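Numbering (the working numbering), first residue to last: -10 to 151. Even for Gly, the Cβ is constructed at its ideal location relative to N, Cα and C. Please read these numbers as outputs of a predicted model, since none were measured by experiment. Note sheet for the following structure.
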Amino acid sequence: TVVAQERRALEHLLFRLHQAREVRTADDERFLSMAADELEDAAATVRELEAARAAVIGRLGHATLRSLAADAPEPYASIFTDHHRALGRLAGEVGATLESTQELAVDRLAELNGEGCRHYRRTRRARRDTDELDRAVVAAGYESVLNASSSLRLPSLVSFLA
């Protein structure tokens, strides 16, 4: 059950990462703070379930999902094998989406600071004139996205999937 919950939480986290990236690519910065808050909430849920999973699996005497599947009777072995594949795929997707989301945020922060974009060059729609306060608010939103996404390292999950 806890592995299934963790899988669902990772799917939700991936959705929130896509959402944060979409807010950025749509040039609609009004929702950055909300996207960052939801991203942090999803990350906290993943961290909580990671700890719960580690406790449950540790009590069973297994270090990895692969070893748990190898020792489990059917239908549990098949269920654990399915979770192993899905969690591996999700971990890869989260990593890739996290990287692109962070690059987009770093680029926009550089742009706000008068520096050039480093990763993504594209035609931007015309922006309304903004003052320093507006730029500071937008920059704070991007920094929130970066802070929330920087807490999304999954070393425990990667070890569990080895």
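- Per DSSP, the unbroken alpha helix (DSSP H) holding Asn136 starts and ends at 121 to 139.
- Our two residues, Gly81 and Arg10, have alpha carbons roughly 17 angstroms apart in a direct line.
- Around the beta carbon of Asp120, fewer than 16 other beta carbons lie within 10 angstroms, which makes this residue exposed.
- Taking 8 angstroms as the upper bound for CB-CB distance, Ala25 and Leu2 are not in contact here, some 13 angstroms apart.
- Taking Val(-9) as the centre and dropping the five residues before and after it, the same chain places the C-beta of Leu38, Ala41, Arg42, Val45 closer than 7 angstroms to its C-beta, in chain order.
- Within the stretch 18 to 56, the runs of alpha helix (DSSP H) at least 4 residues long that lie entirely inside it are, in chain order, 21 to 48.
- Between Leu6 and Thr86, the beta carbon gap of about 4 angstroms places them in contact (Cβ cut-off 8 angstroms).
- Under the three-state reduction of DSSP, Arg142 is assigned to coil, being neither helix nor strand.
- Cβ-Cβ distances below 8 angstroms link Ala(-7) to His72 in the same chain, with the five nearest sequence neighbours on each side left out; the list follows chain order.
- Ala80: member of the alpha helix (DSSP H) spanning 65 to 101, first to last residue.
- A residue is called buried once 16 or more other Cβ atoms fall within 10 Å of its Cβ, and Arg13 is buried on that count.
- Under the three-state reduction of DSSP, Ala15 is assigned to coil, being neither helix nor strand.
- C-alpha of Ser138 to C-alpha of Glu29: approximately 7 angstroms in a straight line.
- Ranked by Cα distance from Leu150, the options Thr90, Ala129, Asn102, Ala59 are led by Ala59.
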